[in-house]
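Participant: If you read the protein sequences in the order shown, they are chains R and G.
Just so you know, we're using the working numbering here: the first sequence kicks off at 1 and counts up by one.
Just so you know, we're using the working numbering here: the second sequence kicks off at 1 and counts up by one.
The C-beta atom is built at its ideal place from N, Cα and C for all residues, glycine as well.
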Amino acid sequence: MQPSEARPRFADEDLPEGSVVDGDAVSGPLVDEADFVVVGSGAAGGTAAYTLACAGYSVIVLEEGPYVKTRELVEEVHATFGRLFRSKGLQVLEGRAFMPMLQGRCVGGSTLVNSAIAWRVPEDVVDDWRASFGLGSITMKELDGHFDAIEHDLSVRSVAEDVLGENNRLFLDVARSRGIVAAPMRRYDRGCKGSALCLTGCQNGAKQGMSVTYVPWSLARGARLYSSCRVERVVLAGNRAVAVRAVAASGHVVEARARRGVLVAASTVQTPGLLRRSGVRSPALGRYFQAHPGLALGGLFDRPIEMAFGATQGCESIHFRKTDRFKLETISMPPELAAARVPGVGKALASRLARLGHVAVWAAQIRAEAQGTVGTGLLGGDVVRYTMTENDMRATRKAVAVIARLMFDGGAREVWPGIHGVPPVLTSPDQVALLEDGPLEPRSYSYIATHLFGAARMGPDPGTSVCAPDFSVHGTRGLYVVDSSVFPTNLGVNPQHSIMAMSRLACTRLANAERFAAVA
Amino acid sequence: MRLFAFEKAWAEATLAAFFPEGSALPRGVSGMRPGEYVDDTIASVELEPSLGIRLSLWICAFAPVFFLRKLVTIRGASPEDRERALDLATRSSIYAVRQLVIALKAMGALLYAGAADVRAPMLRVTPEEHAQLIALRRRSSAATTSLTTEAPGAAPADPPSGDALMATRSKEACDAAE
Ligand SMILES: Cc1cc2nc3c(=O)[nH]c(=O)nc-3n(C[C@H](O)[C@H](O)[C@H](O)COP(=O)(O)OP(=O)(O)OC[C@H]3O[C@@H](n4cnc5c(N)ncnc54)[C@H](O)[C@@H]3O)c2cc1C
Ligand code: SF4
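1) Put E606(R) into one of helix, strand or coil per three-state DSSP.
2) With a threshold of 8 Å, establish whether the CB of N494(R) neighbours any heavy atom of ligand 2.
3) For the putative contact between P121(G) and A350(R), defined by C-beta atoms under 8 Å, what is the C-beta separation to the nearest angstrom?
4) Find out if the Cβ-Cβ distance for the pair R187(R), S110(R) is shorter than 9 Å.
5) Which residues share a DSSP beta bridge with M458(R)?
6) Establish whether the CB of V77(R) and some CB of chain B are separated by less than 9 Å.
7) Tell me the residue span of the alpha helix (DSSP H) that contains K347(R).
8) For a contact defined as C-beta to C-beta under 7 Å, what are the partners of L353(R) on chain G?
9) DSSP state of Y226(R), grouped into three classes?
10) Are the Cβ atoms of T464(R) and P283(R) separated by less than 9 Å?
11) Rounded to whole angstroms, what's the CA-CA distance from I448(R) to C198(R)? Just pull it up for me.
12) K105(G) CB to nearest chain R CB: under 9 Å?
13) What is the DSSP secondary structure of Y188(R), counted as helix, strand or coil?
14) Considering just the uninterrupted stretch of the alpha helix (DSSP H) at C54(R), what are its terminal residues?
15) Give me whichever residues DSSP pairs with P100(R) in a beta bridge.
16) Since E151(R) is in the beta strand (DSSP E), which residue starts that stretch and which ends it?
17) Would you identify the three-state DSSP class for F309(R), choosing helix, strand or coil?
18) Starting from the beta carbon of V125(G), find every residue of chain R whose beta carbon is closer than 7 Å, and list them in chain order.
19) Could you check whether the Cβ of D162(R) sits closer than 8 Å to any heavy atom belonging to ligand 2?
20) Using only CA atoms, which one of L274(R), V212(R), T268(R) lies nearest to V235(R)?
21) Whose C-beta lies closer than 6 Å to the C-beta of E150(G) among residues of the same chain, with five residues either side of it excluded?
22) For G185(R), which of T139(R), V342(R), T376(R), A118(R) has the nearest alpha-carbon?
23) Return helix, strand or coil for I42(G), following the three-state DSSP convention.
24) When burial is assigned at 16 or more other CB atoms within 10 Å of the CB, is W58(G) buried or exposed?
25) My parser needs the alpha helix (DSSP H) runs of 4 or more residues fully inside the segment 310-335 of chain R; what are they?
26) Would you call the segment 466-478 of chain R and the segment 428-441 of chain R touching, i.e. three or more CB-CB distances under 8 Å?
27) Cβ of T376(R) within 8 Å of any heavy atom in ligand 2?
28) For the putative contact between V31(R) and L62(R), defined by C-beta atoms under 8 Å, what is the C-beta separation to the nearest angstrom?
29) Mind the definition here: the segment 43-57 of chain G touches the segment 504-515 of chain R only if three or more C-beta pairs lie below 8 Å; say whether that holds.
30) Pick out whichever of A103(G), A24(G), V29(G) has its Cα sitting closest to the Cα of L337(R).
31) Comparing alpha-carbon positions, which option in A364(R), G165(R), M393(R) lies nearest A311(R)?
32) Rounded to the nearest angstrom, what separates V65(G) and V72(G) at their Cα positions?
33) What's the C-alpha gap between K70(G) and A296(R)?
34) So is N239(R) buried or exposed if we call it buried at 16+ other beta carbons inside 10 Å?
35) Of all the beta strand (DSSP E) runs that stay within the bounds of the segment 378-450 of chain R, which reach a length of 3 or more residues?
36) Closer than 8 Å by beta-carbon distance: list the chain R residues that pair up with V45(G), in chain order.
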């Protein structure tokens, strides 16, 4: 057999002729028209496009970032940040502390660079949305149908034993031995090889992100994609959304007209700015932003760990979700990122780096109660202001102490908490007390934010929400928001699955409503 | 705005102090044109982060003055003093100072650990350790049967689940039913 014959074909390689317009190659103004126009091709936008295309509607998707195909992905973090991440990975939440915030900016959005962990929104969260935010029309029963469908489409399964790797397995063993409920993660996975490279995109095509699933599948059903085209605003005629105006990377204007509606899925951080630029005025716009700030601890072991093998994130615990508002996760860090977190400078740093094969990294995601705002900066960019509360800091403190204890249980010789005011290297379980009594100051910790919610939240009252419970922007017609900016709160679990289910629910209802209207 | 020549020299000295020659790794960062790298990064990012990177550079440049009370820039300091000054800077009680210095370390790490010949030994385990890992994996694999059988990347021919849902009926079919 020829080597070329042995190569698998990826879903992003066989796209219908003419279905993708690359904004870099646009050489003059363009006008296109479809039933629905979707802004953004990430978790929410990809799902919306596919749901509507399956319903038989014509769909145009506009995506600010490029379409980077599976074969074009590279392992180097620096190159990947430059190509696939918004602002080259240099975005921050601004508040008492600066917190790096990562988002994909490419076809597939953050799903191209994420770890593919799939979690259904917990039922108590949906109950809270009903009781506290008037969202009685969103039920777990209805969402479950959408979760089932997505899990079938995107092959959600537990991490296979043969690609678990020691970073994940050790966590599972020590957590369980302490009576902490822990399990392998469920992920969008069609044949993970355990390359631990999810952050730079899956070169095996195993991770079932949007760029290899719902986006190409939508195109196969007649949708059209404009990549490298940034939507500047939604065009409203009176209060009805009729088109979007985008600027292609080549500088030319692309206008996409919508016969039935415009769906905004530009993410929690970009959606509020886009609505504002489009003339939407709401006292709630940009408010109630929430996150799951995450932070990681490194542990140096005598035994080998070989973090570079295994599902990037493979095991987790929601043991503390309800009681202490945090979730524990394993995470394999590429050397480029680990090197920044390893304590020391110069030769001391290098000797620890030379032992990276013996390092495990485990993390916590805090279900923070803090609320922030998403505004527009002086230079027109999106500015997120966010400061964690004292309760959030208490949750953090407990989470890092639990992780450190688990690492020492597993035989760690050193634990690296990365907390200012605490020794950079802990060498004994007795020192875990230093973490339990650690600082309650956000500036002392090194968080990173990847799970983002709110800022255009949903509710019946236009005074306190931007979107109505049917996902339409209050006071407009034909303009919908289907990403996590409509979520009234954060979740305490990884959001992609819930974002997709909500988007699918919104689009299914929309398609049905359009159909019934046509029949009537 | 691009870096001045003296700023590039500071960038080289700073990153070389973080990732020096003659350590447990095969080489230091100096041969990787760290000055050009910082310069290119500054030129390619938005205004705000570019100002932040420049500020980090200046803090590192004068770290020997602030932290060691020696009247030299990072470039003029001895290798030991460079390391000591930066180590103290990463632990400074002033939040902005330590964050900016750590940010420069992180930027340097992207360059340094991105080089294949440096990265490989970081991740290496010895043959004995490899055998140990295999044994650990076997021990646990025996306890479960959830092995993956599908070929990576193989997408189902007609993946849609949606066809089962009302929303996925074709519009034409609905129109026809009218
Ligand atoms: C590194 C990382 C790891 C993560 N790991 C997980 C995980 O394992 N499991 C999980 O559940 N969640 C994870 N998340 C979070 C998850 O990926 C996001 O919550 C989810 O993708 C958000 O969906 P979205 O559609 O709202 O936004 P995105 O998926 O970010 O997509 C938004 C898209 O809209 C585009 N866009 C924005 N503005 C415009 C505009 N004006 N015009 C055109 N296009 C525009 C963007 O370029 C982007 O491609 C992770 C996130 C990151 C960054
Ligand atoms: S860990 Fe698995 S899903 Fe992630 S990049 Fe590697 S093969 Fe793909």
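Facilitator: The relevant details are as follows:
1) Since the first and last residues shown for chain R are 1 and 520, residue 606(R) lies out of range.
2) no
3) Not quite, the Cβ-Cβ distance comes to about 10 Å (not below 8 Å), so this is no contact.
4) no
5) C467(R)
6) Looking at the structure shown, chain B is missing, and the protein chains on hand are R and G.
7) 346-353
8) L25, M122
9) strand
10) yes
11) 17 Å
12) yes
13) strand
14) 43-54
15) V92(R)
16) Premise fails: E151(R) lies in the alpha helix (DSSP H), 140-153, not in any beta strand (DSSP E).
17) coil
18) P304, E306, G357
19) no
20) L274(R)
21) Only weak support is given to the placement of E150(G): the predicted model assigns it a pLDDT of 36, under 50, and the value that follows is read from those uncertain coordinates. Taken in chain order, the list of residues that qualify is empty.
22) Contrary to the premise, residue 185(R) reads as Met rather than Gly in this sequence. The residue with the shortest Cα to Cα distance from M185(R) is A118(R).
23) helix
24) exposed
25) 321-324
26) no
27) no
28) Their Cβ separation, rounded to whole angstroms, is 13 Å, which puts V31(R) and L62(R) out of contact at 8 Å.
29) no
30) A103(G)
31) G165(R)
32) 6 Å
33) 36 Å
34) exposed
35) 382-385, 412-416
36) S87, K88, L90
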